[in-house]
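The sequence shown begins at 11 in my numbering and counts up by one. Here's the structure we're looking at; comments come further down.
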Amino acid sequence: MELKDNNAGTGRKRNYFVSRRIDRIFLELYKIYAFHVRFFKEVFVPPYEFKEVVRQCYEVGVRSLPLISLTGFIIGIVFTNQSRPSLSEFGATSWLPSLVSIAIVRALAPLVTAIIAAGRVGSAIGAELGSMRVTEQIDAMEVSATNPFNYLVVTRVLATTFMVPALMIYTVFVSLMGAYLNVNQNELTSFTTYITQVFEAISFLDIFSSIIKTFIFGFTIGMVGCYKGYYSSKGTEGVGKAANSSVVTAMFLVFIEELLSLQVINLFRAM
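What follows is the structure in structure tokens.
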């Protein structure tokens with residue numbers, strides 16, 4: 011379809027398949043598809059950047075521990091305090107450890123870990139790759155016969171994919187410890203009784219599904235951050251947009267994936 015460019019005011023004509031906006035949407039979808047296909051091709055092709063993967067795992071995992079520790083501990087205490095009044099109305103405060111463990115393992119720990127990773131790691135990846143694109147460092151790597159996609163994208167996506175589940179398991183532990191301190195202080199429940207009630211309430215499906223979910227969350231966070239940064243433009247303004255859109259897009263996709271995964275997990279629970 012041939013349309014006039016009214017903004018130009020010169021009578022020039024530009025060719026669009028449907029319209030400028032719709033064509034851009036389809037081109038963006040194709041770029042996303044090609045980016046994913048390239049990742050799955052590059053991840054199995056040498057050279058393998060093991061040292062860079064380990065370094066990125068340290069950046070994603072170890073450097074996130076202080077924030078994860080504080081957040082997880084507070085979540086355990088706050089959720090226990092919020093749940094106690096409702097259970098006490100029915101005289102069921104003894105069920106508090108079971109309720110806390112189910113909520114933390116099934117939903118809170120995976121979501122909170124993914125959100126923190128999206129905010130801290132996703133924005134950092136988007137800003138770092140965006141600044142490298144703007145300063146033409148990625149172009150320089152291509153000229154020097156280095157594969158920038160393998161070194162910059164594959165390593166970071168692998169790091170987020172493997173470290174977010176590890177951080178989730180750590181979040182579960184810290185949150186349950188925070189909940190135990192609150193339960194012990196108010197109900198005088200012993201540690202042995204608390205741990206017994208915690209593990210009686212959760213099943214293998216709860217743990218396995220949460221780990222699988224966080225693998226998907228980690229992959230999504232890494233891919234979004236790398237995509238936004240790798241294709242950023244417009245100078246320093248583009249770097250800021252890449253970092254911001256990495257966080258917003260990753261969080262949105264995490265919530266969508268949580269909703270979809272919940273439907274699949276409920277099907278397995280119903281079997």
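For every residue, glycine included, the Cβ atom is placed at its ideal position computed from N, Cα and C. Here the structure is a predicted model, which is why all the values come from computation and not from measurement.
Worksheet item: Relative to the C-alpha of Pro57, which residue among Val164, Val47, Ile179, Val249 is closest?
Response: Val164
Fill in: Cβ separation of Arg132 and Ser256, assumed to be a contact under 8 Å, to the nearest whole Å
Sequence check: residue 132 is Gly here, not Arg. So it is a contact: roughly 4 Å between Cβ atoms.
Discussion item. Taking a contact to mean a Cβ-Cβ separation below 8 Å, would you say Val184 touches Ser79 in this structure?
Written reply: yes
Discussion item. Let's test the definition: count the other Cβ atoms within 10 Å of the Cβ of Thr6 and tell me whether it reaches 16, buried, or not, exposed.
Written reply: Here the chain covers residues 11 to 281 and nothing more, so residue 6 does not appear.
Worksheet item: Excluding five sequence neighbours on each side, which residues of the same chain lie with their C-beta closer than 6 Å to the C-beta of Met151?
Response: Pro158
Item to complete: Out of Ile126, Thr230, Tyr68, Ile226, state which residue places its alpha-carbon closest to the alpha-carbon of Phe45.
Response: Thr230
Worksheet entry | Coil, strand or helix - Asn194 by DSSP | Helix at Asn194.
Discussion item. DSSP three-state label for Leu168, please.
Written reply: helix
Practice prompt. Express the C-alpha separation of Leu198 and Phe172 in angstroms, rounding to a whole number.
Written response: 38 Å
Worksheet item: Three-state secondary structure (DSSP) at Lys61?
Response: Reduced to three states, the DSSP call for Lys61 is helix.
Worksheet item: So which of Val193, Lys223, Leu106 has the shortest CA-CA distance to Gln273?
Response: Lys223
Fill in: Burial state of Gly140 (16 or more Cβ within 10 Å)
By the neighbour-count rule (16 or more Cβ atoms within 10 Å), Gly140 is buried.
Worksheet item: Do Phe49 and Val167 have their CB atoms nearer than 8 Å?
Response: yes
Worksheet item: The alpha helix (DSSP H) spanning Ala134 covers which residue range?
Response: 133-144
Fill in: the segment 77-92 in contact with the segment 177-194 per 3-pair CB rule at 8 Å
yes
Practice prompt. May I have the straight-line CA-CA distance separating Arg143 from Arg30, to the nearest angstrom?
Written response: 26 Å
Worksheet item: Near Val264, which residues of its chain fall below 8 Å by C-beta distance, leaving aside the five closest residues on each side in sequence?
Response: Cβ-Cβ distances below 8 Å link Val264 to Leu121, Ala124, Ile125, Ala128, Phe227, Thr230, Ile231 in the same chain, with the five nearest sequence neighbours on each side left out; the list follows chain order.
Discussion item. Suppose contacts are defined by Cβ-Cβ distances below 8 Å. Is Val249 in contact with Ala137 by that definition?
Written reply: yes
Worksheet item: Is Val182 closer than 8 Å to Ile275 when the C-beta atoms are compared?
Response: no
Worksheet item: Got a sec, what are the start and stop residues for the alpha helix (DSSP H) Pro56 sits in?
Response: Under the DSSP assignment, Pro56 falls outside any alpha helix (DSSP H); it carries neither an H nor an E label.
Worksheet item: Can you tell me the Cα-Cα spacing of Glu12 and Tyr43, whole angstroms?
Response: Summary for Glu12: the model assigns pLDDT 41, below 50, so the residue's position carries little reliability, and this model does not support an answer.
Worksheet item: How many angstroms separate the CA atom of Phe100 from the CA atom of Ala176?
Response: Going by C-alpha positions, Phe100 is about 37 Å away from Ala176.
Discussion item. Please report the straight-line C-alpha distance between Glu52 and Asn160, rounded to a whole angstrom.
Written reply: 6 Å
Worksheet entry | Proximity of Cys292 and Ala169 at Cβ, strictly below 8 Å | Here the chain has residues from 11 to 281 only, and residue 292 is not among them.
Worksheet item: Going by beta carbon distance, what residues of the same chain come within less than 6 Å of Phe218, once the five residues before and after it are set aside?
Response: none
Worksheet item: Which first and last residues belong to the alpha helix (DSSP H) in which Phe209 is found?
Response: 201-211
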